[in-house]
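**Q** Residue numbering for the sequence shown follows the working numbering, starting at 1112 and increasing by one per position. One structure, as structure tokens, below. Some questions next.
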Amino acid sequence: MRTDASGTTPAGTGVAVLGSVVVPAHDEAAVIGRLLLALRSGGPDLEVVVVANGCTDATAEVARGVPGVRVLETPVPSKMHALALGDGHASRFPRFYVDADVVIGADGIGELAAALQAPGVHAVGPARHLDLAASSWLVRAYYSVWCQLPGVQRELYGRGVIGVDEAGHRRLAGWRDTMADDLLTAMSFASEELRVVPTAEVVIRAPREYGDLLRRRVRAMTGNRRLARDPAAPPLRGAGGGVPTMAALIRRDARLLPAVAVFLGTAILARARARWALARGSTTWLRDESSRRVDPPSGPVSPATAASTLRAERSS
């Protein structure tokens, strides 16, 4: 395993010192730069630890090109292993776990840290902004329903960012191997112990084509079903995507009928494929590559190059 020294903020700089961010990254060279730039550009000083796990691309090199980022490398292509490894090298609280393919800034992390100061709150997540600009009609239709599910609105899964205080961190000790990592983390906290913070926003790029969406949903369904069968897992709270919810959405807005049909059809397909994967004992991580379709920089990326790339992405 290769480890880099982390950047530090000199005393007397006037920069507020915050917690630690752990970023597990498997072949994320095309997109990780935009996240790291956002985390390191102004705002509170964060300890950022990137764990490049089982990478075959330039993920580690791109991460090293952003000042103040500690980079660990492991040949083990496992997100849970990467989370545990990064957690062991992080030194501050609160602790934030951020997917490499989303974007949240240092100020957003600061808002999450502030929310963790509330009595009894041990886990937080940001408001979710889905970037659907490059997505097909079927994908947009699916998410127009998914985003209105009660569980999707109030729970911490599906955001790509979860923050915990020290007490919450103790709940996650051990990082059990699972395909449904964000669901397991979210369900480790009772509803009254978590907060979705509307003043913090994470940008998530949605799949471009329906096949990409279906792969993502099959992986989620497979992981969720495995977790539901695990007697050691915490009780799971549903998303509330049943027939009563669908009927209520249509009553509220009849124009959603085609989108509801897409949503239900996708759920049926994903459930069937998840059952097949479970029957075969498959552990294949079905990944949506379309939302990562950005040309990676060649070689180490400077802050100026990263800023230019991020500006180009925002204007596209």
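All C-beta atoms, glycine included, are put in the ideal place defined by N, C-alpha and C. Remember, predicted model here, so these are calculated numbers, not experimental data.
(1) Spell out a yes or no on whether the region 1242 to 1251 and the region 1179 to 1186 are touching, meaning 3 or more CB-CB pairs, one atom from each, closer than 8 Å.
(2) According to the neighbour-count rule (16 or more other Cβ atoms, all chains shown, within 10 Å of its Cβ), is Ile-1379 buried or exposed?
(3) Can you tell me whether Gly-1376 is buried or exposed? The criterion is at least 16 other CB atoms within 10 Å of its CB, across all chains shown.
(4) Compute the Euclidean distance between the alpha carbons of Arg-1265 and Leu-1305, then round it to the nearest angstrom.
(5) Between the Cα of Pro-1140 and the Cα atoms of His-1192, Phe-1204, Asp-1210, which residue gives the shortest distance?
(6) In whole angstroms, what is the alpha-carbon distance linking Asp-1406 and Tyr-1321?
(7) What's the call for Thr-1310, buried or exposed, on a 16-neighbour Cβ count within 10 Å?
(8) Out of curiosity, what's the CA-to-CA distance linking Asp-1292 and Gln-1228?
(9) Quick one: Cα of Gly-1144 to Cα of Ala-1358, how far?
(10) Going by CA-CA distance only, name the one from Asp-1218, Gly-1353, Leu-1223, Ala-1163 that's closest to Met-1191.
(11) What's the gap between the Cα of Tyr-1254 and the Cα of Ser-1299?
(12) Looking at the unbroken alpha helix (DSSP H) that takes in His-1280, where does it start and where does it end?
(13) Alpha carbon to alpha carbon, what distance is there between Ser-1202 and Leu-1368?
(14) Give the DSSP-derived three-state secondary structure of Gly-1123 in the structure shown.
(15) Rounded to a whole number of angstroms, what is the C-alpha to C-alpha distance between Gly-1153 and Val-1214?
(16) Run through the region 1132 to 1199 for me and flag every whole alpha helix (DSSP H) of 4 or more residues, listed as ranges in chain order.
(17) Can you have a look at Gly-1199 and say buried or exposed, based on whether 16 or more other CB atoms are within 10 angstroms of its CB?
(18) Closest to Ser-1402 by C-alpha separation, out of Ala-1278, Ala-1136, Arg-1316, would be which residue?
(19) For Leu-1223, which residues of its own chain have a beta-carbon under 8 Å away from its beta-carbon, when the five flanking residues on both sides are left out?
**A** Walking through what the data contain:
(1) no
(2) exposed
(3) exposed
(4) 9 Å
(5) Looking at the sequence itself, residue 1140 is Ala, so the reference to Pro does not match. Out of His-1192, Phe-1204, Asp-1210, Asp-1210 has the C-alpha closest to the C-alpha of Ala-1140.
(6) Any reading at Asp-1406 must be qualified, since the residue scores a pLDDT of 41, below 50, and its modelled position is unreliable; the value itself is stated next. One C-alpha to the other measures close to 22 Å.
(7) exposed
(8) Note on geometry: alpha-carbon atoms of Asp-1292 and Gln-1228 lie some 25 Å from one another.
(9) 42 Å
(10) Ala-1163
(11) 26 Å
(12) Where His-1280 is concerned, the enclosing alpha helix (DSSP H) stretches over 1277 to 1282.
(13) 50 Å
(14) Confidence at Gly-1123 is low in this model, with a pLDDT of 35, below 50, so the placement of that residue should be treated as unreliable; the coordinate-derived value is given next. Reduced to three states, the DSSP call for Gly-1123 is coil.
(15) Those two C-alpha atoms are separated by around 15 Å.
(16) 1143 to 1151, 1170 to 1175
(17) exposed
(18) Arg-1316
(19) Pro-1205, Phe-1207, Val-1235, Gly-1236, Pro-1237, Val-1272, Gly-1274, Val-1308, Ala-1311
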